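All the letters of the sequence shown, read from the start, carry residue numbers 169 to 334 under the working numbering.
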Amino acid sequence: REVVIIGGGAVGCETALHICESGTISAETLKFLAFQKAESWEVLERLITRGWRRVTIVEMLERIGQDIGISTRWAMIQDLHRLGVRVITGAKAKEIQPDGVLIQRGDKEEKVPCDTVILAVGSRPLDEISQKIVGFVPEIHVIGDAKTPRKALDAIWEGYEVGRTI
């Protein structure tokens with residue numbers, strides 16, 4: 169029920185949204201319940217914004233979603249707030265323990281209780297393989313996150329461009 173996501177970039181924020189939405193009612197169910205006046209608006213709002221899990225994002229930077237475009241970031245932060253996601257910024261995850269994550273904020277340590285931990289801490293380029301095969305093949309193209317981490321759409325375009333030139 170308690171989830172901690174370590175990393176508050178685009179991947180961490182999108183993961184939080186996805187996790188929070190599981191267990192909420194669908195638009196069709198909402199329409200049925202509202203039409204039938206089966207519940208008050210307060211209850212219906214809770215049913216569409218509170219799923220089975222509570223999510224906390226732990227981000228070491230001072231703001232989440234810094235790798236997201238400004239308008240998308242604004243909308244995403246609003247959604248995270250509406251879905252009840254707790255956000256802890258300026259914090260480093262020090263240790264994953266059986267019952268939570270030990271974080272450090274400044275000179276203070278705090279344990280964030282959870283039963284599930286998701287790592288969304290970003291990526292680094294990995295170009296070791298291409299360096300090992302230099303001289304064995306006539307041409308090498310390093311693309312995607314192996315070249316430099318970025319958005320999937322950029323990597324797909326890069327793959328297309330390389331494929332066109334081979």
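Virtual Cβ for every residue (Gly too), placed ideally from N, Cα, C. Source: prediction; values computed, not measured.
Looking at C-alpha atoms only, which residue of 204, 201, 221, 215 is the closest neighbour of residue 184?
If you number the sequence shown from 1, residue 184 lands on position 16. Selected option, being the one with the closest Cα: 221.
Could you tell me the alpha carbon to alpha carbon distance between residue 322 and residue 208, rounded to whole angstroms?
What you label residue 322 is simply residue 154 of the sequence shown in a count that begins at 1. What you label residue 208 is simply residue 40 of the sequence shown in a count that begins at 1. Between residue 322 and residue 208, the C-alpha separation is close to 45 angstroms.
Could you pull out every residue in the same chain whose Cβ sits closer than 8 angstroms to the Cβ of residue 295, ignoring the five residues on either side in sequence?
Numbered from 1 along the sequence shown, position 127 holds the residue referred to as residue 295. Result list for residue 295: 310, 314, 315, in chain order.
Is it true that the CB of residue 308 sits closer than 8 angstroms to the CB of residue 173?
Here the question's residue 173 lines up with position 5 in the sequence shown. Here the question's residue 308 lines up with position 140 in the sequence shown. Contact: no.
From residue 333 to residue 291, what distance separates their C-alpha atoms?
If you number the sequence shown from 1, residue 333 lands on position 165. If you number the sequence shown from 1, residue 291 lands on position 123. Looking at the two C-alpha atoms, the distance is approximately 27 angstroms.
Can you look up residue 287 in the DSSP assignment and give me helix, strand or coil?
Counting from one through the sequence shown, the residue named residue 287 turns up at place 119. Residue 287 falls in the strand class under three-state DSSP.
Whole-angstrom distance between residue 194 and residue 215, CA atom to CA atom:
Here residue 215 refers to the residue found at position 47 of the sequence shown. Here residue 194 refers to the residue found at position 26 of the sequence shown. If I take the Cα positions, the gap works out to 9 angstroms.
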